[in-house]
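Report on the structure given below.
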Amino acid sequence: MKRKFLLLLLNLIFVSVFASPFNEKLSDEEYESLQNGELLIRNINHKKNISLKKGLFSISDEMIKIFNDLNPKYLAEVIQFKKIEENPDLPQKLEEILNNISEYTGIPYYSERAEKWYNLYDSAEVTETIESGDSKILKVRLEMAPFGTVDETIEIKSDENTVFYIAENDNKLRYDDAIDCVWPQKMKISILLFQYEDNWVLYGIGGVNAPRIPFFTQRIQTSFINRIKTFCSFIFQKL
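Numbering-wise (my numbering), the sequence shown opens with residue 100 and increments by one.
Here it is, written out as structure tokens:
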């Protein structure tokens, strides 16, 4: 009897651990909040703390590899579950929002240092569009204080049940027009939508590989991480 109970318990543990799209980096409390539909924001600092499980499917593994290769000094995740039954057309809605670059200027951003609200981007325009099959590449120019002009390449891939978005900077970024802080292709933001059981999983991750500069590290970290969190949170809550 005891052996049967132990086997049943081990089986339940096995199912709960391996059925989830997340690994042990995500706590039970965090997973429970996701199941309740809450928006989860994680400042994880290092690639070893990425919570998305490897081996789910090819695009998710591609995303994990991108951020492992980036080796970011600053890293954050934003995650939310939405019921498929209540949101049957969520992939189409997400793709539409991500493609609507001009609307990025409406994203509100709160500066902790200034204790004021600003626009995340002062301007946003598409300079080139390249479409191929299920993939679209957008060349975008953004104005984002205190980093000035940010030229980005955005790629969006989609099918019936999956949307994958990845953006990276094409130019060198300067902080307050005083310090070079990010080199090209060293800032990346990604969003992945996929199905899990009766939920859509919205998974956002953003990271920056930037040098730690004396007296400026905390400011730069706060600026980047808060902007990553702000962008992903706004997109998820707009759905």
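Note that beta-carbon positions come from the ideal geometry of N, C-alpha and C, so glycine has one too.
Which of helix, strand or coil DSSP assigns to residue i
{"i": "Gln284", "result": "coil"}
{"i": "Arg318", "result": "helix"}
{"i": "Asn270", "result": "coil"}
{"i": "Lys235", "result": "strand"}
{"i": "Asn142", "result": "strand"}
{"i": "Ile312", "result": "coil"}
{"i": "Ser332", "result": "helix"}
{"i": "Ser157", "result": "helix"}
{"i": "Asn148", "result": "helix"}
Straight-line Cα distance separating residue j from residue i
{"i": "Glu224", "j": "Lys152", "result": "35 Å"}
{"i": "Ile327", "j": "Asn298", "result": "24 Å"}
{"i": "Pro190", "j": "Ile288", "result": "18 Å"}
{"i": "Ser201", "j": "Arg240", "result": "10 Å"}
{"i": "Glu259", "j": "Phe335", "result": "19 Å"}
{"i": "Phe246", "j": "Tyr302", "result": "26 Å"}
{"i": "Ser210", "j": "Leu174", "result": "18 Å"}
{"i": "Ala277", "j": "Ile290", "result": "31 Å"}
{"i": "Phe323", "j": "Val262", "result": "24 Å"}
{"i": "Leu169", "j": "Asn308", "result": "7 Å"}
{"i": "Asp275", "j": "Glu242", "result": "13 Å"}
{"i": "Phe121", "j": "Gly305", "result": "17 Å"}
{"i": "Ala213", "j": "Phe333", "result": "21 Å"}
{"i": "Phe156", "j": "Glu129", "result": "23 Å"}
{"i": "Lys285", "j": "Asn167", "result": "12 Å"}
{"i": "Ser115", "j": "Glu254", "result": "With a pLDDT of only 41 at Ser115, under the threshold of 50, the placement of this residue in the model should not be trusted, and no figure is reported."}
{"i": "Trp216", "j": "Pro207", "result": "7 Å"}
{"i": "Thr329", "j": "Tyr264", "result": "16 Å"}
{"i": "Glu194", "j": "Ser257", "result": "8 Å"}
{"i": "Glu230", "j": "Ile236", "result": "6 Å"}
{"i": "Asp127", "j": "Glu176", "result": "16 Å"}
Range of the contiguous beta strand (DSSP E) that encloses residue i
{"i": "Asp250", "result": "248 to 257"}
{"i": "Gly303", "result": "298 to 307"}
Residue i - containing alpha helix (DSSP H), residue span
{"i": "Leu133", "result": "127 to 134"}
Closer than 8 Å to chain C by CB, residue i
{"i": "Asn122", "result": "Among the chains in the structure shown there is no chain C, since it carries only a single protein chain."}
| said: When you compare the segment 265 to 276 with the segment 137 to 149, are there three or more beta-carbon pairs, one atom per stretch, that lie closer than 8 Å? | reply: no
| field | Three or more C-beta pairs below 8 Å linking the segment 154 to 161 and the segment 129 to 144 | value | no
| message | In chain order, what are the residue ranges of uninterrupted alpha helix (DSSP H) at least 4 long that sit wholly in the segment 162 to 225? | response | 189 to 198
| message | Closer than 8 Å is the cut-off here; do at least three beta carbon pairs connect the segment 177 to 188 with the segment 319 to 326? | response | no
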